[in-house]
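Here my numbering is used: the first residue of the sequence shown is 36, the next is one more, and so on. Structure first, then comments.
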Amino acid sequence: MRRSLAVVGWVLGAVALAACGTTVGDPCTTPDDCGDAVCLNNAYTPGGYCSRQCSRGVADSCPAGSQCIRDGLAHDLDGCFRECNNDSDCRTGYVCRRVKDQQFTVCIGPEGI
C-alpha cells in the first residue's frame with residue numbers, strides 16, 4: 036500500500052511540474068527561455084516576450100489566459116498575447132491595451148505592436 040501511494044505521489048508531482056512552464060507573456064532572452072514557444076525580443080517587447088504562433092478564429096489556438104493577435108509575431112504571422120483587464124495585470128514595463136481591430140485587451144510593450 037505504501038509503495039502504491041509513493042508511486043501515485045511521484046506521478047502527481049511529475050504532472051504538476053510538467054504543468055508548470057512558460058506562460059505567454061513571460062520574459063525571455065533566447066528561444067530556450069520559452070520552452071516550445073517563441074521568444075519575441077525586439078523594440079516593442081522590452082525584456083522579451085514568450086508567445087506562440089496561432090490562428091485567429093480557431094478555438095484553443097492560444098493557451099488559456101491569452102488571445103491571438105493579428106500580425107502579433109510578424110507581418111502575416113499571428114501570435115498569442117496575455118489577456119488583461121488593466122495595467123496591473125501585466126508585468127512591469129507592459130501596458131494593457133486593445134490592439135488593432137480586436138475586441139479584447141492584452142499586455143503589450145509601451146511601443147505597441
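Beta carbons are placed, not taken as given, at the ideal position from N, Cα and C, and that holds for glycine. Values in this document were obtained by computation on a predicted structure and should not be read as measured data.
* Could you give the DSSP three-state label for residue 68: helix, strand or coil? => Taking the sequence shown and counting its residues from 1, the one referred to as residue 68 is at position 33. Helix at residue 68.
* Below 8 Å, can you find three or more Cβ-Cβ pairs linking the region 59 to 70 to the region 114 to 121? -> Yes, they touch.
* Asked: Is residue 113 helix, strand or coil when you go by DSSP?
  -> In the sequence shown, the residue the question calls residue 113 occupies position 78. Three-state DSSP puts residue 113 in a strand.
* With DSSP run on the structure shown, which of helix, strand or coil describes residue 86? -> Mapped onto the sequence shown, residue 86 falls at position 51. Residue 86 falls in the strand class under three-state DSSP.
* Asked: Within 10 angstroms of its Cβ, does residue 79 collect 16 or more other Cβ (buried), or is it exposed?
  -> Taking the first residue of the sequence shown as 1, we reach residue 79 at position 44. Exposed.
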